[in-house]
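K.L.:
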Amino acid sequence: MSIATGLVTAPIAEPQLAGLAVAAAMEKAGLTIANSVLLFLTPEFARDPKPALLAASRASNCTRIIGCSAAGIFTDQDWVLDAPAAAAMVFGGDISLAPAPQPQADDLILSLAAPNALNSAWISEPGRRFGGVSGDATGQGPFKVWCGGRTAENGRCETRLAGASGVVGVSQGIRALGGPLEITQASGYDVISLGQQPAMNVLTRELPLDLRSENGLPLHLLMAGIIHGDPATAIADGRFRLAPIISANAEDRSVTLSARLAPGEQMFWAVRQPLAAERDMRLTIDRLQQELDAPPDFGLLFPCMGRGPYFYGGVDRDLDLVKQRFPDMPLIGFYGNGEIGPLDGANQLLQYAAVLGLFARMSSHV
3 MSIATGLVTA PIAEPQLAGL AVAAAMEKAG LTIANSVLLF LTPEFARDPK
53 PALLAASRAS NCTRIIGCSA AGIFTDQDWV LDAPAAAAMV FGGDISLAPA
103 PQPQADDLIL SLAAPNALNS AWISEPGRRF GGVSGDATGQ GPFKVWCGGR
153 TAENGRCETR LAGASGVVGV SQGIRALGGP LEITQASGYD VISLGQQPAM
203 NVLTRELPLD LRSENGLPLH LLMAGIIHGD PATAIADGRF RLAPIISANA
253 EDRSVTLSAR LAPGEQMFWA VRQPLAAERD MRLTIDRLQQ ELDAPPDFGL
303 LFPCMGRGPY FYGGVDRDLD LVKQRFPDMP LIGFYGNGEI GPLDGANQLL
353 QYAAVLGLFA RMSSHV
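Everything in the sequence shown is counted per this note's numbering, starting at 3 for the first residue and increasing by one.
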């Protein structure tokens, strides 16, 4: 196996953690020189990642080191939150993380970005982009992305997985509370009416009894699903993007979202629910396994910071499901401040989702 992972954690964030994680991966892969290294570090390294990158480079005899800082990181070995850690995946043989100066429309492009470096033009550039947004528990930063063994000045990195073919899927993991309705009145971020009914009335009517409370709506669990394409099949097909609810306004019965919507668009109310997320992740894995049509040689997983162990009650069911299906597959990823993935024919910036990529060597996938 010329691809392997390493994960190291310690009480103090020292550069040697990155070197130790890479060294562990190199030993498992049977490599003395790596083609490329994917390296994720916890926020303690974000202020000055250069010493850690240098340690990783020395351990791999490689300068092609790509990655970012993140609130939490993981490999097929385990996940780490709230402690200094380094996670590495090393590539040898005929697979590498290659520059992507002019990606084609069908190319899968691993895309990493700091929050302040995100823009819709970059996400919409050619290539099927997937990856995540650097983050930390506070949302204050600093946030760092590295490419080619050094910090990316523009806060972004994109790379092609040369020598591998792959498939990418998005699990949004929500339970729809009702069917799509047309937005009949909206103003800015406020949805005023749905199907000629006050938006808040529709939401409270569809809310399950176990989520109703005298203390108000559980806004941290509620989302709006904005439909793409035919409303009749959009929810079943996963053709929607999610927008968190900012507030429910009792005065005019409107609902304020994190996204601007216009009259005529179709949307539905949804709730974030661990069982629904687990079921959707299982279906996503099923679909990707069929699409790849070959045993995957490695996987990349990018779940939202709000969908990891904190969401699942102390375990990461997304990670567990992938490991159960592919117990010997090297896997790496991080809990992000946003997820990037192809959805309904376009690259999207997602929230509360998990983006999974499965990859096989070109020679094993003809």
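Beta carbons are placed, not taken as given, at the ideal position from N, Cα and C, and that holds for glycine.
Which residue spans inside the region 92 to 124 form an unbroken beta strand (DSSP E) run of at least 3?
P.N.:
Taking only runs of at least 3 residues, the beta strand (DSSP E) segments lying wholly in the region 92 to 124 are 98 to 101 and 110 to 115.
K.L.:
Under 9 Å between C-beta atoms, does residue 157 make it to chain B?
P.N.:
In the displayed structure, chain B is absent; only one protein chain is listed.
K.L.:
Thinking C-alpha only, which one of 336, 357, 335 and 330 is nearest residue 342?
P.N.:
Here residue 342 corresponds to residue number 340 of the sequence shown, with the count starting at 1. Answer by Cα proximity: 357.
K.L.:
Within the region 244 to 290, note down every full beta strand (DSSP E) run reaching 3 residues or more, in order along the chain.
P.N.:
Qualifying beta strand (DSSP E) stretches, in chain order: 256 to 259 and 268 to 274.
K.L.:
Would residue 112 and residue 66 qualify as a contact pair, given that the criterion is a beta-carbon distance under 9 Å?
P.N.:
Here the question's residue 112 lines up with position 110 in the sequence shown. Here the question's residue 66 lines up with position 64 in the sequence shown. No.
K.L.:
Using only alpha-carbon positions, find the residue among 151, 232 and 248 that is nearest to residue 262.
P.N.:
As a working mapping, residue 262 is identified with position 260 in the sequence shown. It is 248 whose Cα lies nearest to the Cα of residue 262.
K.L.:
Extract the residue ranges of the alpha helix (DSSP H) inside the region 40 to 95, only unbroken runs of 4 or more that lie entirely within it.
P.N.:
Listed in chain order, they are 52 to 62.
K.L.:
Relative to the C-alpha of residue 273, which residue among 219, 299, 364 and 122 is closest?
P.N.:
Translated into positions along the sequence shown, residue 273 becomes position 271. Nearest C-alpha to residue 273: 219.
K.L.:
One question on the structure: do residue 369 and residue 83 come within less than 9 Å of each other, judged by their Cβ atoms?
P.N.:
Since the displayed the chain opens at 3 and closes at 368, residue 369 lies outside it and no answer follows.
K.L.:
Residue 85: which of 303, 5, 46 and 60 sits nearest, CA to CA?
P.N.:
As a working note, residue 85 is residue 83 in the sequence shown. Checked all of 303, 5, 46 and 60; the closest Cα to residue 85 is 46.
K.L.:
Assign residue 1 to buried or exposed, taking buried as 16 or more other Cβ atoms, counted over all protein chains shown, within 10 Å of its Cβ.
P.N.:
Coverage of the chain is limited to positions 3 through 368, which leaves residue 1 absent and any answer about it impossible.
K.L.:
Just to confirm, are residue 304 and residue 133 a CB contact at a threshold of 9 Å?
P.N.:
In the sequence shown, counting from the first residue as 1, residue 304 sits at position 302. In the sequence shown, counting from the first residue as 1, residue 133 sits at position 131. Result yes, Cβ atoms of residue 304 and residue 133 sit closer than 9 Å.
K.L.:
Hey, quick one: how far does the alpha helix (DSSP H) through residue 204 stretch, first residue to last?
P.N.:
Position 202 of the sequence shown, counting from 1, holds the residue named residue 204. Residues 201 to 208.
K.L.:
Looking at residue 184 and residue 265, is the spacing between their C-beta atoms short of 9 Å?
P.N.:
Here residue 265 is taken as the residue at index 263 of the sequence shown, counted from 1. Here residue 184 is taken as the residue at index 182 of the sequence shown, counted from 1. For residue 265 and residue 184, yes; Cβs fall inside 9 Å.
K.L.:
Rounded to the nearest angstrom, what separates residue 197 and residue 259 at their Cα positions?
P.N.:
Your numbering for residue 197 matches position 195 in the sequence shown. Your numbering for residue 259 matches position 257 in the sequence shown. So the two alpha carbons sit approximately 17 Å from each other.
K.L.:
What separation, rounded to the nearest whole angstrom, lies between the Cα atoms of residue 334 and residue 271?
P.N.:
Start at 1 with the first residue of the sequence shown, and residue 334 comes out as number 332. Start at 1 with the first residue of the sequence shown, and residue 271 comes out as number 269. About 32 Å.
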